[in-house]
Amino acid sequence: MSDAEHAKTVLQGDDFARMLKRIAHEILESERGADQLLVLGIHTRGVPIAARLAQLLGRIDGAEVPYGALDVTMYRDDLASKPTRASRPTSIPDGTVDGRTVVLVDDVLFSGRTIRAALDALADHGRAKAVRLAVLVDRGHRELPIRADFVGKNLPSSRSERVLVQLEEIDGTDAVLIESPAGDIA
Amino acid sequence: MKHLLTGALRREDAISLLDAAEDMHEVQDRQLKKLPALRGRTVVNAFFENSTRTRSSFEIAGKWLSADVINVSGSASSVKKGESLRDTVLTLAAMGIDGIVMRHGDSGAAQLAADWLDVSFPSVRVINAGDGAHEHPTQALLDAFALRRRLFGAQSRGRGLDGVRIAIAGDIAHSRVARSNALLLPALGAEVTFVGPPTLLPPGADTWNTTVTTDFDAVLQQPLDALMMLRVQLERQRGAFVPSVGEYIVGWSLTDERRAKLDDDTVIMHPGPMNRGLEISSRAAEGLQSAVLEQVTSGVSLRMAVLYSLIAGEEPQ
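Okay, structure coming up:
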């Protein structure tokens, strides 16, 4: 595989634990505790990250922090221009986000379009008190006026590169890789 | 899959539709029952034969996905003026619609419409909502969906109906529901038995991937996970298939006595509309074992999944 030859590992293993712990502390600092917090992961890889983050938040704050999963498929702006995507289950503890401070979690922040869809999806589940965004990697190239409140790592990248996040729960290992298209290596 | 014309689906396609329906089912528990997935899309319900539940089910499904849904009924359309099916279908397609949900009294009507549209309007999808005594694929899919939920609950996703024993009883010959189920359920791994009066078993049923018998009481003595009663289709009975209603009830009706012999966890199903007292007793239709209303609720979720899967995206190249 020529792709694999050009894949560079940027983060792995312990880096993840440190980043998530720092994000958890930042969230607790800016939200003044974990009261009324709800952590929602965006499919696919945002979901296990959200679970980890909620557990960290609970451990630090001493109270259980609820977490769930949000499917944004139906809200995407490119539905009509791509083959039909399979939907994924949404699970929101108590069925509503009314009055909660929602922390949206995703693996990579890129164009911002997924987050736009997520904000629309969230609005259909009630009126959150506030919505924050936490991402593992921010790789730039935003196409919408969206920014993350909590970032694990800023990873300047070229548009032609691919940033891949691998997670223990899905891929068997924690890693962030940058893939350059073949023949485009420095 | 471009059109949905038959219950003869590949196992993985059927399961992915059932799983999508699980996601759609969650929408029914929300305060705001609306998804934007089909915004700007237009779906026509073309019903050339009467229907309440299927038509409203498709209409609700389309509206909850934000599609514009238009209803055309046979009795109030140009069909009454003598327009051919072909002209009606092409006329609707020429208005720029994205999908036609078609119910027609003649077998093969949906397939014909799909063939015509593939030539002239290849972007229009056709969903068969019942064609004569031939097929009713969304009913078979919703039966599978409702049963899978009953049996496996929250663990339903990704599963088939492997080893699930299902008996389907009654007027098999005139039932498009039976035919679609005969194709779909075995593909999902279920063991299906058809039972009915010899005159209401279709010729060739022995070639289906199912067991066919006439002895209802013998079927009920075997362990069953689900028992589906079919409607006696009085409007399709052109000859005397059973000597009398009384005789039918004695041999093939799910009476209170027969229900009492069933295991407590055998799921009782009926695609509706029910002839209470004929093929099913009121008590059997409304007891805790009955999934009749769950089937109706499931119908909306399943049809949302079908509309979404066929209409939301571009056709894969």
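Listed in order, the protein sequences are those of chains A and B.
The first sequence begins at 59 in this note's numbering and counts up one residue at a time.
The second sequence begins at -17 in this note's numbering and counts up one residue at a time.
Glycine included, each C-beta is placed from N, C-alpha and C at the ideal position.
To the nearest angstrom, how far is the alpha carbon of residue i from that of residue j?
| i | j | result |
| --- | --- | --- |
| N257 (chain B) | S38 (chain B) | 20 Å |
| L206 (chain B) | S59 (chain B) | 45 Å |
| K(-16) (chain B) | V282 (chain B) | 20 Å |
| E237 (chain A) | T102 (chain A) | 19 Å |
| E87 (chain A) | P106 (chain A) | 23 Å |
| D88 (chain B) | A28 (chain B) | 14 Å |
| N163 (chain B) | F134 (chain B) | 19 Å |
| S48 (chain B) | L74 (chain B) | 20 Å |
| K63 (chain B) | F30 (chain B) | 13 Å |
| H118 (chain B) | D72 (chain A) | 55 Å |
| Q203 (chain B) | E229 (chain B) | 21 Å |
| L289 (chain B) | L114 (chain A) | 41 Å |
| Q299 (chain B) | I148 (chain B) | Per-residue confidence for Q299 (chain B) stands at a pLDDT of 45, beneath the threshold of 50, marking its modelled position as unreliable; no derived number is given. |
| V194 (chain B) | R161 (chain B) | 13 Å |
| M251 (chain B) | R171 (chain A) | 44 Å |
| L(-9) (chain B) | L(-1) (chain B) | 10 Å |
| D306 (chain B) | L170 (chain B) | With chain B running from -17 to 299 in the structure shown, residue 306 (chain B) is simply not present. |
Using a Cβ-Cβ distance under 8 Å, would residue i count as near chain A?
| i | result |
| --- | --- |
| R12 (chain B) | yes |
| P225 (chain B) | no |
| K16 (chain B) | yes |
| E296 (chain B) | yes |
| S157 (chain B) | no |
| E(-6) (chain B) | no |
| D5 (chain B) | yes |
| E65 (chain B) | no |
| Y290 (chain B) | yes |
| S39 (chain B) | no |
| A49 (chain B) | no |
Buried or exposed for residue i, going by 16 or more other Cβ atoms inside 10 Å?
| i | result |
| --- | --- |
| G259 (chain B) | exposed |
| N191 (chain B) | exposed |
| Q271 (chain B) | buried |
| Q264 (chain B) | One detail in the question is off: residue 264 (chain B) reads as Ser in this sequence, not Gln. Exposed, by the Cβ-count rule. |
| R285 (chain B) | buried |
| V174 (chain B) | buried |
| Q277 (chain B) | buried |
| D61 (chain A) | For D61 (chain A), the predicted model reports a pLDDT of 48, less than 50, meaning its position is unreliable; a value from the coordinates is still stated below. Per the 10 Å Cβ criterion, exposed. |
| S139 (chain A) | exposed |
| R158 (chain B) | buried |
| M77 (chain B) | exposed |
| V81 (chain B) | The identity of residue 81 (chain B) in the sequence shown is Gly, whereas the question assumes Val. G81 (chain B) is buried by the Cβ-count criterion. |
| A188 (chain A) | exposed |
| L202 (chain A) | exposed |
| S226 (chain B) | exposed |
| L275 (chain B) | exposed |
| E4 (chain B) | buried |
State yes or no: is the beta carbon of residue i nearer than 8 Å to at least one beta carbon in chain B?
| i | result |
| --- | --- |
| H252 (chain A) | Here chain A has residues from 59 to 244 only, and residue 252 (chain A) is not among them. |
| L137 (chain A) | yes |
| P124 (chain A) | no |
| S145 (chain A) | yes |
| P239 (chain A) | no |
| D129 (chain A) | yes |
| K140 (chain A) | yes |
| D152 (chain A) | no |
| M132 (chain A) | yes |
| T172 (chain A) | no |
| H199 (chain A) | no |
| T67 (chain A) | no |
| D196 (chain A) | no |
| A62 (chain A) | Note that A62 (chain A) scores a pLDDT of 49, beneath 50, so its modelled location is shaky; the value from the coordinates is reported in the next line. So no, A62 (chain A) is outside the interface. |
| D182 (chain A) | yes |
Shortest alpha-carbon distance to residue i belongs to which of the options?
| i | options | result |
| --- | --- | --- |
| T67 (chain A) | A:A108, A:L213, A:I100 | A:L213 |
| V123 (chain A) | A:H101, A:K187, A:T148, A:A82 | A:A82 |
| M6 (chain B) | A:D119, A:G230, A:S149, A:L137 | A:S149 |
| I154 (chain B) | B:L212, B:F40, B:N110, B:Q121 | B:L212 |
| H208 (chain A) | A:A144, A:V160, A:M132, A:D178 | Contrary to the premise, residue 208 (chain A) reads as Phe rather than His in this sequence. F208 (chain A) has its Cα closest to that of A:V160, out of A:A144, A:V160, A:M132, A:D178. |
| R12 (chain B) | A:R197, A:A181, A:L235 | A:A181 |
| E217 (chain B) | B:H156, B:L123, B:A(-10) | B:H156 |
| S57 (chain B) | B:V51, B:T70, B:A169, B:W46 | B:T70 |
| D144 (chain B) | B:L123, B:A128, B:P168 | B:P168 |
| A121 (chain A) | A:R200, A:D93, A:A179, A:D196 | A:D93 |
What ranges does the alpha helix (DSSP H) occupy inside the segment 39 to 83 of chain B, keeping only unbroken runs of at least 4 residues that lie completely in it? 67 to 76
Contained beta strand (DSSP E) runs [length at least 3] in the segment 131 to 216 of chain A, N- to C-terminal order: 159 to 167, 188 to 196, 208 to 212
Contiguous beta strand (DSSP E) assignments of at least 3 residues, all confined to the segment 151 to 196 of chain B: 173 to 177, 193 to 195
Kindly provide the ranges of any beta strand (DSSP E) runs that are 3 or more residues long and lie completely inside the segment 227 to 270 of chain B, ordered along the chain. Inside the segment 227 to 270 of chain B, DSSP marks whole beta strand (DSSP E) runs of 3 or more residues at positions 249 to 251, from first to last along the chain.
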